[in-house]
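J.: Protein sequence lines, in the order shown, are assigned to chains V and C. One point on numbering: in my numbering, the residue at position 355 of the first sequence is 392, and numbering is uninterrupted. One point on numbering: in my numbering, the residue at position 15 of the second sequence is 52, and numbering is uninterrupted. Structure provided below as structure tokens; questions to follow.
Number of protein chains: 2
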Amino acid sequence: MTASSTSSSELPLASWARRLAPSAIQDMLQIITRPGVFSLALGLPAAELFPTEGMAEAAARVLAEQVGALQYSPTLEPLREQVVALMAKRGVRCSTSQVFLTTGAQQGLNLLTRLLLEPGQTVLLEDRVYSGFQQVLDPFQARRLTVRRDARTGLDLDGLASLLASGERPAFFYTMSDGHNPLGTSLAMDARERLVGLAREYRMPIIEDDAYGLLHYEEGGALPPLRSLDAQWVYYVGSFSKILAPALRVGWVVVPESLVFRLATVKESSDIDTATFTQRMVLSFLQSGKLEAHLTRLRGEYRLRRDTLLRALETHLPAGASWTKPTSGMFVWVELPEGSDTTVLLARALETQQVAFLPGQAFGVSGGRSASHGLRLNFSNCDPARIEEAVRRLGTVLRAA
Amino acid sequence: MTASSTSSSELPLASWARRLAPSAIQDMLQIITRPGVFSLALGLPAAELFPTEGMAEAAARVLAEQVGALQYSPTLEPLREQVVALMAKRGVRCSTSQVFLTTGAQQGLNLLTRLLLEPGQTVLLEDRVYSGFQQVLDPFQARRLTVRRDARTGLDLDGLASLLASGERPAFFYTMSDGHNPLGTSLAMDARERLVGLAREYRMPIIEDDAYGLLHYEEGGALPPLRSLDAQWVYYVGSFSKILAPALRVGWVVVPESLVFRLATVKESSDIDTATFTQRMVLSFLQSGKLEAHLTRLRGEYRLRRDTLLRALETHLPAGASWTKPTSGMFVWVELPEGSDTTVLLARALETQQVAFLPGQAFGVSGGRSASHGLRLNFSNCDPARIEEAVRRLGTVLRAA
Numbered sequence: 038m039t040a041s042s043t044s045s046s047e048l049p050l051a052s053w054a055r056r057l058a059p060s061a062i063q064d065m066l067q068i069i070t071r072p073g074v075f076s077l078a079l080g081l082p083a084a085e086l087f088p089t090e091g092m093a094e095a096a097a098r099v100l101a102e103q104v105g106a107l108q109y110s111p112t113l114e115p116l117r118e119q120v121v122a123l124m125a126k127r128g129v130r131c132s133t134s135q136v137f138l139t140t141g142a143q144q145g146l147n148l149l150t151r152l153l154l155e156p157g158q159t160v161l162l163e164d165r166v167y168s169g170f171q172q173v174l175d176p177f178q179a180r181r182l183t184v185r186r187d188a189r190t191g192l193d194l195d196g197l198a199s200l201l202a203s204g205e206r207p208a209f210f211y212t213m214s215d216g217h218n219p220l221g222t223s224l225a226m227d228a229r230e231r232l233v234g235l236a237r238e239y240r241m242p243i244i245e246d247d248a249y250g251l252l253h254y255e256e257g258g259a260l261p262p263l264r265s266l267d268a269q270w271v272y273y274v275g276s277f278s279k280i281l282a283p284a285l286r287v288g289w290v291v292v293p294e295s296l297v298f299r300l301a302t303v304k305e306s307s308d309i310d311t312a313t314f315t316q317r318m319v320l321s322f323l324q325s326g327k328l329e330a331h332l333t334r335l336r337g338e339y340r341l342r343r344d345t346l347l348r349a350l351e352t353h354l355p356a357g358a359s360w361t362k363p364t365s366g367m368f369v370w371v372e373l374p375e376g377s378d379t380t381v382l383l384a385r386a387l388e389t390q391q392v393a394f395l396p397g398q399a400f401g402v403s404g405g406r407s408a409s410h411g412l413r414l415n416f417s418n419c420d421p422a423r424i425e426e427a428v429r430r431l432g433t434v435l436r437a438a
Numbered sequence: 038m039t040a041s042s043t044s045s046s047e048l049p050l051a052s053w054a055r056r057l058a059p060s061a062i063q064d065m066l067q068i069i070t071r072p073g074v075f076s077l078a079l080g081l082p083a084a085e086l087f088p089t090e091g092m093a094e095a096a097a098r099v100l101a102e103q104v105g106a107l108q109y110s111p112t113l114e115p116l117r118e119q120v121v122a123l124m125a126k127r128g129v130r131c132s133t134s135q136v137f138l139t140t141g142a143q144q145g146l147n148l149l150t151r152l153l154l155e156p157g158q159t160v161l162l163e164d165r166v167y168s169g170f171q172q173v174l175d176p177f178q179a180r181r182l183t184v185r186r187d188a189r190t191g192l193d194l195d196g197l198a199s200l201l202a203s204g205e206r207p208a209f210f211y212t213m214s215d216g217h218n219p220l221g222t223s224l225a226m227d228a229r230e231r232l233v234g235l236a237r238e239y240r241m242p243i244i245e246d247d248a249y250g251l252l253h254y255e256e257g258g259a260l261p262p263l264r265s266l267d268a269q270w271v272y273y274v275g276s277f278s279k280i281l282a283p284a285l286r287v288g289w290v291v292v293p294e295s296l297v298f299r300l301a302t303v304k305e306s307s308d309i310d311t312a313t314f315t316q317r318m319v320l321s322f323l324q325s326g327k328l329e330a331h332l333t334r335l336r337g338e339y340r341l342r343r344d345t346l347l348r349a350l351e352t353h354l355p356a357g358a359s360w361t362k363p364t365s366g367m368f369v370w371v372e373l374p375e376g377s378d379t380t381v382l383l384a385r386a387l388e389t390q391q392v393a394f395l396p397g398q399a400f401g402v403s404g405g406r407s408a409s410h411g412l413r414l415n416f417s418n419c420d421p422a423r424i425e426e427a428v429r430r431l432g433t434v435l436r437a438a
């Protein structure tokens, strides 16, 4: 029996995999999640708001009534019908033949990237981007072009248009139109239209990550996503993780029908393209008609938490700080004066006030200098009193800085 | 709104993805799974033997007792402890720090391949191989070297040794030591030892797919897997799909500890490395102590079905056919005289006798000529009476051929 003490330089790995290091963020997460820390850091939904009872009923129903609930079986047509109905409420017309079920939104992003991207090709990203999407890109060693997504002025569409006009032909553009992670902002309607127009003109696919789009907090709901404006060039990624529960791992994509069998092939090689038990639970929950009331409750609670966070920022943050006012999603983005380094600040915040956030660097493209004076605050995972106290502590840290 | 009528030549896809075609096997599956067809084709476990009641209790228990059962959360240490205990019964000593939980065995295979294989590199396969593993390889455009895995004489270790001696340096060798899919055979002990010795000598990792190893039917159990002989060069892939239920999507790998954080990074980008609800169900079921009795029952039933299949082959198959006598797993491999084409035969079998199997071609490497006179029969998914009738019909087809 040989000891497993192989040092990493000896490992017979692909070169990119050999370079992987245990992430500093993982270490930080250990600290952030310590009891006693007031954390607005992680992008977690509120576990106490999960429809646990409805899900328990769904699980019992599925196991009692469905022969083969635990067996390999083809994609659940009735769940795809439920997704079509949900998409209609989001302002998107699509058919079940354009819906593909995934192991969460993350798998949707991963499978689409694998279909679209040749190793070494260029991708177009916003300059502050969901870090999990950068992880998807890593093995491809893709060239990353960025376009500014400003917390105040939104997406720099002039910059994007010039890039394309200059001859750049990225494999795709990745964006979140609503409840942007980490910025918390949503695109204006005219920006959506112009963006989709550019995608059409330059035949550039857009991967639209709408993980947060169904969590909207204003009268009249959210604007329709990019996919409502174009069914050919916008590939939509949705998820039940934030509106039902993450541990179910159920998401979907809406794509042109000709991509669906390709997604099926790639998914089959990833984790088998089979109807899962948790897909059946979600279906049964949706069929019980409980989603609408659950969403209403969730939006009400999260709206309250957002409002608490925004008021607390107003009260406790020193002059020179500014922040976004989200209409969807789970995040507020705070910007400190240029030159601030929120990674350094986080260490101090944890040490002196036991308060945590995610530093902007986590979201910057390729090292993240452009985002290093920003920080992300989550408002979904703490009750209002805790949010208030966390921001009071953050204010103390910032005033001492 | 644009119609999604993009023809595939216009799709902005990576070149390998553009070449994907809806698979002929998918079409065949449609036919095979028609009611009225006597099918020994698919590799399905028996749904009527799933521990459905135990799983329903586990689901209810988890949702009633565990705050955060549906939330994102770190890997379940207690489930990794249960895996360590299960591996001990399989003859493998390992620690929880070497166990990594996956979305089924397929994800284990996929993640390991992504870590080990540079695009364009060489991999070493047996000449009859689980088709889902070939799907994993497709996007890498790997060069596939094969070594003979003969239904009678086993793995051609002389051939393997010469390949390595001639200077070939594959990124890894993929194999199943027990209950081989599609052959149904298991490696002899001396073959295991020599194989592991070669892996050590040439520093060649072995991916050992043990999806079927816990389903063994002989007094004294199965031989220990390759991983029991070497902890450094053998990467073990296990699964609850065949011993509990596939729709739970819970599997694991056992690897040197230095690979675990790399697997975590790659899994995170694939579908988020979080404790899933179904992992918690499996854990709760295992903690209830019901696995051993369940496995005993499963082995008893499957042994009966295997014996029924082997007797029926003896009775109904014409001279010239030979077949394997599995001690583990779910499959028997039948070989017809050289020159037979079982793909052609399948069409005839469906048409004239409504009986189905999987033709050898599905398991041949790169097109599969070497396997085209073989066929795979599954014995886990039909009750004995149906197995008997299916083989009677198959015999009729073969005698008419």
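The beta-carbon is built from N, C-alpha and C at its ideal position, and this holds for glycine as well.
Work out the CA separation of residue 429 of chain V and residue 73 of chain V for me, nearest whole Å.
T.: The straight-line gap from Cα to Cα measures roughly 15 Å.
J.: Does the beta carbon of residue 218 of chain C sit closer than 7 Å to a beta carbon anywhere in chain V?
T.: Residue 218 of chain C does not count as touching chain V.
J.: Can you give the Cα-Cα distance for residue 352 of chain C and residue 432 of chain C, rounded to whole angstroms?
T.: If I take the Cα positions, the gap works out to 9 Å.
J.: Thinking C-beta only, is residue 396 of chain C closer than 7 Å to residue 414 of chain C?
T.: No. Outside cutoff.
J.: Less than 7 Å between the C-beta atoms of residue 417 of chain V and residue 253 of chain V, yes or no?
T.: For residue 417 of chain V and residue 253 of chain V, no; Cβs fall outside 7 Å.
J.: Is the closest heavy atom of the ligand SAM to the C-beta of residue 216 of chain C under 6 Å?
T.: No copy of the ligand SAM appears in this structure; indeed no ligand is present at all.
J.: In chain V, which residues lie with their C-beta within 8 Å of the C-beta of residue 108 of chain C?
T.: In chain order: 81, 82, 84, 87, 282, 283 and 284.
J.: Determine the contact status of residue 159 of chain V and residue 182 of chain V, defining contact as a CB-CB distance below 7 Å.
T.: Yes, the pair counts as a contact, with Cβ atoms nearer than the cut-off.
J.: Output, in chain order, the set of chain C residues within a Cβ distance shorter than 9 Å of residue 435 of chain V.
T.: What residue 435 of chain V touches in chain C: nothing, since even the nearest Cβ is about 28 Å away.
J.: Just the C-alpha distance for residue 154 of chain C and residue 199 of chain C, rounded to the nearest angstrom, thanks.
T.: Taking the straight line from one Cα to the other gives about 22 Å.
J.: Under 7 Å between C-beta atoms, does residue 147 of chain V make it to chain C?
T.: Taking Cβ atoms only, chain C reaches closer than 7 Å to residue 147 of chain V, which makes this a yes.
J.: Are residue 361 of chain C and residue 221 of chain C closer than 7 Å when you measure CB to CB?
T.: Yes. Within cutoff.
J.: Quick check: residue 314 of chain C and residue 107 of chain V, are their CB atoms within less than 7 Å of each other?
T.: Not closer than 7 Å, so no.
J.: Among the candidates V/134, V/342, V/281 and V/408, whose CA atom is the shortest distance from the CA of residue 142 of chain V?
T.: That would be V/281, whose Cα lies nearest to the Cα of residue 142 of chain V.
J.: With C-beta atoms as the reference, is residue 152 of chain C less than 7 Å away from residue 50 of chain V?
T.: Yes, these two residues count as a Cβ contact at 7 Å.
J.: Could you check which residue in V/163, V/407 and V/227 has the C-alpha nearest to that of residue 244 of chain V?
T.: The shortest Cα separation from residue 244 of chain V among V/163, V/407 and V/227 belongs to V/163.
J.: Check for me: the beta strand (DSSP E) holding residue 368 of chain C runs from which residue to which?
T.: It spans 368 to 372 - the beta strand (DSSP E) in which residue 368 of chain C sits, taken as one unbroken run.
J.: Quick check: is the beta carbon of residue 59 of chain V nearer than 7 Å to any beta carbon in chain C?
T.: Yes, its Cβ sits closer than 7 Å to a Cβ of chain C.
J.: Do you know how far the Cα of residue 58 of chain V is from the Cα of residue 94 of chain C?
T.: Roughly 40 Å separates the two Cα atoms.
J.: Report the CB separation of residue 149 of chain V from residue 290 of chain V in whole angstroms; it is logged as a contact under 8 Å.
T.: At roughly 7 Å, the Cβ-Cβ gap stays under 8 Å, so residue 149 of chain V and residue 290 of chain V are in contact.
J.: Which residue from C/84, C/233, C/65 and C/264 puts its Cα closest to that of residue 131 of chain C?
T.: Cα-wise, what sits closest to residue 131 of chain C is C/264.
J.: Specify whether the region 331 to 341 of chain C and the region 220 to 235 of chain C touch according to this definition: at least 3 beta carbon pairs, one from each stretch, less than 8 Å apart.
T.: With the cut-off at 8 Å, the region 331 to 341 of chain C and the region 220 to 235 of chain C do not touch.
J.: Comparing alpha-carbon positions, which option in V/358, V/382, V/167 and V/380 lies nearest residue 26 of chain V?
T.: Nothing about residue 26 of chain V can be reported from this structure: the residues present for chain V run from 38 to 438 only.
J.: With a CB to CB cut of under 8 Å and the five nearest residues on each side skipped, what residues in its chain are close to residue 167 of chain V?
T.: Around residue 167 of chain V: 213, 218, 219, 246 and 400.
J.: With DSSP as the reference, label residue 329 of chain C as helix, strand or coil.
T.: The answer is helix: DSSP assigns residue 329 of chain C an H, G or I state.
J.: Return the residue from the list V/98, V/278, V/89 and V/119 that minimises the CA-CA distance to residue 323 of chain V.
T.: Measuring from the Cα of residue 323 of chain V, the nearest candidate turns out to be V/119.
J.: Who are residue 309 of chain C's beta bridge partners in DSSP?
T.: Looking at the DSSP assignment, residue 309 of chain C forms no beta bridge with any residue, so it has no partner.
J.: Is residue 50 of chain C close to chain V, meaning its C-beta is less than 7 Å from at least one C-beta of that chain?
T.: Interface residue, yes.
J.: Taking Cβ to Cβ, would you say residue 407 of chain V is nearer than 7 Å to residue 378 of chain V?
T.: Result no, Cβ atoms of residue 407 of chain V and residue 378 of chain V do not sit closer than 7 Å.
J.: Quick check: is the beta carbon of residue 322 of chain V nearer than 7 Å to any beta carbon in chain C?
T.: Judged by the 7 Å Cβ criterion, residue 322 of chain V is not in contact with chain C.
J.: In chain C, which residues lie with their C-beta within 9 Å of the C-beta of residue 262 of chain V?
T.: Here the premise fails: no neighbours, minimum Cβ distance about 13 Å.
J.: What is the DSSP secondary structure of residue 317 of chain V, reduced to helix, strand or coil?
T.: DSSP places residue 317 of chain V in helix when its eight states are reduced to three.
J.: Among C/288, C/312 and C/398, which has the Cα closest to the Cα of residue 140 of chain C?
T.: When each option's Cα is compared against that of residue 140 of chain C, the closest is C/288.
J.: Taking a Cβ distance cut-off of 7 Å, strictly less, list which residues of the region 308 to 321 of chain C are near chain V, in chain order.
T.: Here the close residues are 308, 309, 311, 312, 313, 314 and 315.
J.: Sort out for me which residues DSSP pairs residue 261 of chain C with in a bridge.
T.: Paired residue(s): none; residue 261 of chain C is not in a bridge.
J.: When you compare only the Cα positions, how much space is there between residue 386 of chain V and residue 67 of chain V?
T.: For residue 386 of chain V and residue 67 of chain V, the distance between alpha carbons rounds to 15 Å.
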